[in-house]
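Scroll down for the structure; my scribbles are underneath it.
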Ligand code: GLU
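Numbering (the working numbering), first residue to last: 106 to 557.
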């Protein structure tokens, strides 16, 4: 059977790292199995779904290079849901209920006070036609519940192993609201069947939904088989739940702080699995390594510091060819890049935390810069001992060795003033690599305090 999976966000907010992790796991699973990845918008909640979130979700996925083979949205499928609910109603599997939210709340309170689980008592099933008519004449519109079989449901979960759940532990779920709009459960099953989804991979908050949805599947398309994998939800660094509504750790924020897409994916592909986190240099490598069976039931935590460390490692692995177009987009002249780009990238890549640091270092190396010039004594000797060009990575040692002899200054007292004079900063990439980039003219100007 062909592997077909889906990522099904509700467009009610921006994606956070927890949502993206599920998109990524689905995508990697599809790619690993030469399958398809469907992006489906669960937008039946018309009051909260917004087009701007649909667009933002697609932007985030594209930024992360999680591309979809097919796009769908539930609001296009209402007729299909209508015809299936019609059929389920005629078979007595959906039944009309007339209780108001207050009445339901009251029933639940009573059950709780008797120490009983607040499960719906199915009193709507006992209504006579004339009672229903009375409600309708009062202006009440029915909501519809799916009649559970109260059976023991089993499945072999790709992450949780054998799962058993008795649907008598819960109320018959409401699937159609009184205003005729659909809740998530039924449309999702209809779509999954329609798209021939082979594996539903989602958060463990959906485990009980899966039991209910398996009953619905059996009612709609007997004999259908969809496999499930429920992964534990990602938590924030201090163990807090992530939520779209509170905007926690949105991908947009990470993009704005110039974290590499590849770093985000490298981390999310491994969090919660038994394999350690790796700085991947391509999505292709990530696909090859992906194995859903390495995911465990332990709750993974997302830590920004870990992401930022990984970001440095990911950048270090990129070649100049990987990065040159982006340097150009950031405003660096192509002809300059052709001449100096390769050497520049090799010099700085091990010392940057994010891409914008690279642009800063380009400016430091090649543009006019105001630095902290050398003190007069040291300056005289530094000028006198500065080798003639051409320069290589050996020039630094040659210069500083002579300078040490001439001035009698050594160690940090020599190197720190030189670094500040050359770069304006007290840390950064190795000076032996930077010096040939800065060149003799600019070196002389910077150590003596001439800016241009
Ligand atoms: N729209 C649902 C959610 O965001 C999808 C769950 C599922 O994957 O079935 O939770």
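We put the CB at the ideal spot given by N, CA and C, even for glycine.
{"Check": "Counted within 10 angstroms of its Cβ, other Cβ atoms place residue 318 as buried (16 or more) or exposed", "Outcome": "buried"}
{"Check": "Residue of 177, 260, 276 minimising C-alpha distance to residue 212", "Outcome": "276"}
{"Check": "Supposed close pair residue 142, residue 179 - CB separation, criterion 8 Å", "Outcome": "No, residue 142 and residue 179 are not in contact; Cβ-Cβ is about 17 Å, not under 8 Å."}
{"Check": "At least three beta-carbon pairs within less than 8 Å, the segment 322–337 to the segment 352–370", "Outcome": "no"}
{"Check": "Opposing strand residues paired with residue 176 [DSSP bridges]", "Outcome": "144"}
{"Check": "Residue 355: CB within 6 Å of a non-hydrogen atom of the ligand GLU", "Outcome": "no"}
{"Check": "Beta-bridge partners of residue 248, as assigned by DSSP", "Outcome": "202"}
{"Check": "For residue 168, the nearest candidate out of 483, 364, 302 (CA to CA)", "Outcome": "364"}
{"Check": "Whole-angstrom distance between residue 203 and residue 237, CA atom to CA atom", "Outcome": "8 Å"}
{"Check": "Stretch pair the segment 507–525 + the segment 479–487: three plus CB contacts closer than 8 Å", "Outcome": "yes"}
{"Check": "C-alpha distance - residue 285 paired with residue 246, whole-angstrom precision", "Outcome": "9 Å"}
{"Check": "Near the ligand GLU: residue 126 beta-carbon under 6 Å from a heavy atom", "Outcome": "no"}
{"Check": "For residue 501, the residue or residues it bridges with in DSSP", "Outcome": "In DSSP, residue 501 forms no bridge with anything."}
{"Check": "Residue 115 CB to nearest heavy atom of the ligand GLU below 6 Å", "Outcome": "yes"}
{"Check": "Residue 524 CB to nearest heavy atom of the ligand GLU below 6 Å", "Outcome": "no"}
{"Check": "Cβ separation of residue 140 and residue 159, assumed to be a contact under 8 Å, to the nearest whole Å", "Outcome": "Incorrect: roughly 24 Å between the Cβ atoms, too far for contact."}
{"Check": "Beta-bridge partners of residue 260, as assigned by DSSP", "Outcome": "268"}
{"Check": "Length of the line joining the Cα atoms of residue 269 and residue 366", "Outcome": "38 Å"}
{"Check": "Which listed residue (234, 162, 205) has its alpha carbon closest to that of residue 124", "Outcome": "162"}
{"Check": "Inter-residue Cα distance where the pair is residue 526 and residue 409", "Outcome": "34 Å"}
{"Check": "Residue burial classification, residue 403 (beta-carbon count within 10 angstroms, cutoff 16)", "Outcome": "exposed"}
{"Check": "CA nearest to the CA of residue 325, picked from 195, 379, 442", "Outcome": "195"}
{"Check": "Any alpha helix (DSSP H) of 4 or more consecutive residues that is wholly inside the segment 285–327", "Outcome": "290–299, 312–325"}
{"Check": "Residue closest to residue 149, alpha-carbon to alpha-carbon, out of 200, 296, 379, 459", "Outcome": "296"}
{"Check": "Burial state of residue 66, where buried means 16 or more other Cβ atoms lie within 10 Å", "Outcome": "In the structure displayed, the chain extends from 106 to 557; residue 66 sits before or after that span and is not available."}
{"Check": "Beta carbon of residue 108 nearer than 7 Å to that of residue 293", "Outcome": "no"}
{"Check": "Three-way DSSP call (helix, strand, coil) for residue 449 in this model", "Outcome": "helix"}
{"Check": "Spatial neighbours of residue 170 in its chain, beta-carbon cut-off 7 Å, leaving aside the 5 residues before and after", "Outcome": "366, 388"}
{"Check": "Cβ-heavy atom distance, residue 145 to the ligand GLU, below 6 Å", "Outcome": "no"}
{"Check": "Proximity below 7 Å, CB of residue 417 to CB of residue 458", "Outcome": "yes"}
{"Check": "Separation of residue 508 from residue 486, as counted between CA atoms", "Outcome": "6 Å"}
{"Check": "Enclosing beta strand (DSSP E) for residue 121 [first to last residue]", "Outcome": "Counting along the chain, residue 121 falls outside any beta strand (DSSP E), and DSSP gives it neither H nor E."}
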